[in-house]
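Residues in the sequence shown are numbered from 17 upward in steps of one, following this note's numbering. For every residue, glycine included, the Cβ atom is placed at its ideal position computed from N, Cα and C. Values in this document were obtained by computation on a predicted structure and should not be read as measured data.
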Amino acid sequence: MAASQQSGNRESPGTEIGASEAAGPDRGAFARRIKIFASHSHEYEDLAREFKRGVESIPHRASVDVSIYQAMPGGTKWRQWVRKELRDTDIFVLLYPHAGMQFKWCSYELGAFLGGIDRPYVCIRNTNIKAPLDITDEWQDCLANVEGIRQFLLSLFVGGVYTDGIPICPEAGIEKSDAWLRLQAAATNLASSFERARVRRDYYTQRICIESDGKANDLFDLETDLEKAVITGEEWALRLLSLQPNAKWSVLQRELAQRQPPAQWPSELMRAFGKIKSGPIPPPFTPFRAGDRAHDKVYLPVITRAESIDERLRKVYLIFVEADPTQMRSFFDIWVPPSPPAGSWTVLIRSLLMVLHARWLHIVPMLNLARRLDDDDEEAARTLLEGVRSTIAALDREFTERDVNLLETYSDVVDEGLVDEGRNLENEYRQIRQDLRFPREPLARTVPALIERWITHNTRNARFIAALFMIKARNLTKATVDSPRA
17 MAASQQSGNR ESPGTEIGAS EAAGPDRGAF ARRIKIFASH SHEYEDLARE FKRGVESIPH
77 RASVDVSIYQ AMPGGTKWRQ WVRKELRDTD IFVLLYPHAG MQFKWCSYEL GAFLGGIDRP
137 YVCIRNTNIK APLDITDEWQ DCLANVEGIR QFLLSLFVGG VYTDGIPICP EAGIEKSDAW
197 LRLQAAATNL ASSFERARVR RDYYTQRICI ESDGKANDLF DLETDLEKAV ITGEEWALRL
257 LSLQPNAKWS VLQRELAQRQ PPAQWPSELM RAFGKIKSGP IPPPFTPFRA GDRAHDKVYL
317 PVITRAESID ERLRKVYLIF VEADPTQMRS FFDIWVPPSP PAGSWTVLIR SLLMVLHARW
377 LHIVPMLNLA RRLDDDDEEA ARTLLEGVRS TIAALDREFT ERDVNLLETY SDVVDEGLVD
437 EGRNLENEYR QIRQDLRFPR EPLARTVPAL IERWITHNTR NARFIAALFM IKARNLTKAT
497 VDSPRA
């Protein structure tokens, strides 16, 4: 059965070596040097170095040499070097860490190694690759986990699988020996290197790149030569901007100026070029609407990367992050930024918005459900009660996080009557929460009444805040008349 048809490793002869067998009679030293050629793609040269370092760290009676192309001296004719190395190679090992690895030169090296001679070939395949390569499935491969690599090393050093049955380091099969510890360390380190190659990198691919069209000279700078720039990127991002690949900057400007409303971010980007050269990447630009009316969505343009050479800006990468207008509107409605001129109004405005949001987003929908409850539907009433409790807890957390305390904040403007009203509202709310925690049965009759009390309290709360607002407004008018310079 070919290895590509197997789900895992077969045990190679001699790989499971017990301490007594490893310490048994010496079957003779392997007289000549053992040469291993580690074939790999250039982007995984660190993995090849780890393989070489691990194998050569294990003590051995024969000379074991791992050849990787990084050992080739500068100025060497590489084809001649490869052919010479492969002529003397005893074992060909393909390091296969990633399914997307380029195999052009590995295939060339394998062909040169085989050359009509039957010599051992081993593919060490990463654990997330389901099957060996077609060009290697004639040979049994090894999985690149600690156990799989350990079995390969035991086959090599203890089992004599590749050395005519003669072990080259029988001590590596004796538990806790120095050679055994080195073999375990080599297997662990190499498995970790393969593990790093399994890291999946997910990128936000909805991006464009603004760069030179390839004809610009070395003095190209986006800040001054933007008319020479072209726009490349993923198909989806270009379609979002209604652009063809390699479109000019002027085409983008013209297209986005026709949007309703016109997109502002191209102008903002142009103004940011100078700052990008010497400072951090700026925050997101003004949102804009997509051109596809069938998917009329709002997007935030964000610079993710910029490349400069000697203060000349060569490339800028932008991504377009879809924004949910409903979520954004809710955030900006509640978050009123404090400022010195209107700082005293901030808590008041925020509080009223929170009370109204609680009413229309939560209390009214729950009241509608309560009014449709059947008098004997206890299960539906219990479910509604749990929803009410959860919502009140969330609203309480929101008020606490925003540190809303109207009586303390506006103690200088409230009169005795408003103080009493505020205290009554606080006590009433505490009682509603208490009654919701321990409601009387039947719930189908009690829960609707509790929600009615909740919405009545919400109405009184809104009126209380409105009264504070009116006092602030009267004081503002009075201050303007009495002190024009205030």
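- Taking R95 as reference, the option from Y112, I74 and A128 with the minimal CA-CA separation is A128.
- Per DSSP, P300 lies in no alpha helix (DSSP H) segment and is marked neither H nor E.
- F301 places its beta carbon less than 9 angstroms from that of P317.
- Around the beta carbon of Q447, a 10 Å sphere encloses fewer than 16 other beta carbons of the protein chains shown; the residue is thus reported as exposed.
- For I140, the CB contacts under 6 angstroms within the same chain, skipping 5 residues up- and downstream, are L111, C158 and A160 in chain order.
- Counting only runs of at least 4 residues, the stretch 193 to 248 fully encloses the following alpha helix (DSSP H) elements, listed from N- to C-terminal order: 194 to 213.
- Exclusion of the five residues before and after A478 leaves L368, V371, L372 and R375 as the residues of its chain whose Cβ lies within less than 8 angstroms of its Cβ.
- For D62, the uninterrupted alpha helix (DSSP H) run begins and ends at E61 to S73, by DSSP.
- Taking the CA atoms as reference points, F289 sits about 28 angstroms from D218.
- Apart from sequence neighbours up to five positions away, the residues of its chain that approach L385 with a beta-carbon distance below 7 angstroms are L400, ordered along the chain.
- If you draw a 10 Å sphere on the C-beta of R388, you find fewer than 16 other C-beta atoms in it, and that means exposed.
- By the neighbour-count definition (other C-beta atoms within 10 Å, threshold 16), G70 is a buried residue.
- Secondary structure of E250 (DSSP, three-state): coil.
- For C185, there is no enclosing beta strand (DSSP E), as DSSP gives it neither H nor E.
- About 11 angstroms separates the Cβ atoms of A482 and L434, ruling out a contact at the 8 angstroms cut-off.
- Per DSSP, A386 is one residue of the alpha helix (DSSP H) stretching across V380 to R387.
- The three-state reading of DSSP puts K264 in strand, counting E and B together.
- Per DSSP, the unbroken alpha helix (DSSP H) holding I448 starts and ends at E432 to R453.
- The secondary-structure analysis by DSSP pairs F108 across a beta bridge with F53 and Y137.
- Contact between P282 and L259 does not hold, since the beta-carbon distance rounds to 12 angstroms and is not under 8 angstroms.
- For E125, the enclosing alpha helix (DSSP H) begins and ends at K120 to L130.
- In this structure, R330 sits near S228, with a CB-CB distance shorter than 9 angstroms.
- Non-local C-beta neighbours of E250 in its own chain, meaning closer than 8 angstroms and more than five positions away in sequence, comprise T221, Q222, R223 and I224, ordered along the chain.
- For I335, the enclosing beta strand (DSSP E) begins and ends at R328 to A339.
- For S258, there is no enclosing beta strand (DSSP E), as DSSP marks it with neither H nor E.
- For the pair L130 and I226, the CB atoms are not nearer than the 9 angstroms cut-off.
- M382 and E402 have their alpha carbons spaced roughly 11 angstroms apart.
- Under the three-state reduction of DSSP output, R490 falls in the helix class.
- For E323, the enclosing beta strand (DSSP E) starts and ends at V314 to I325.
- Contact between A397 and V463 holds, since their C-beta atoms are separated by about 5 angstroms, short of 8 angstroms.
- With contacts defined by Cβ atoms closer than 9 angstroms, Y178 and I84 do not form a contacting pair.
- Look at S171 here: in three-state DSSP terms it is helix.
- Within the DSSP bridge table, the entry for S83 names F53 as partners.
- By the neighbour-count definition (other C-beta atoms within 10 Å, threshold 16), I325 is an exposed residue.
- If you draw a straight line from the Cα of Q156 to the Cα of M117, it comes to about 20 angstroms.
- In this structure, L172 sits away from I182, with a CB-CB distance that is not shorter than 9 angstroms.
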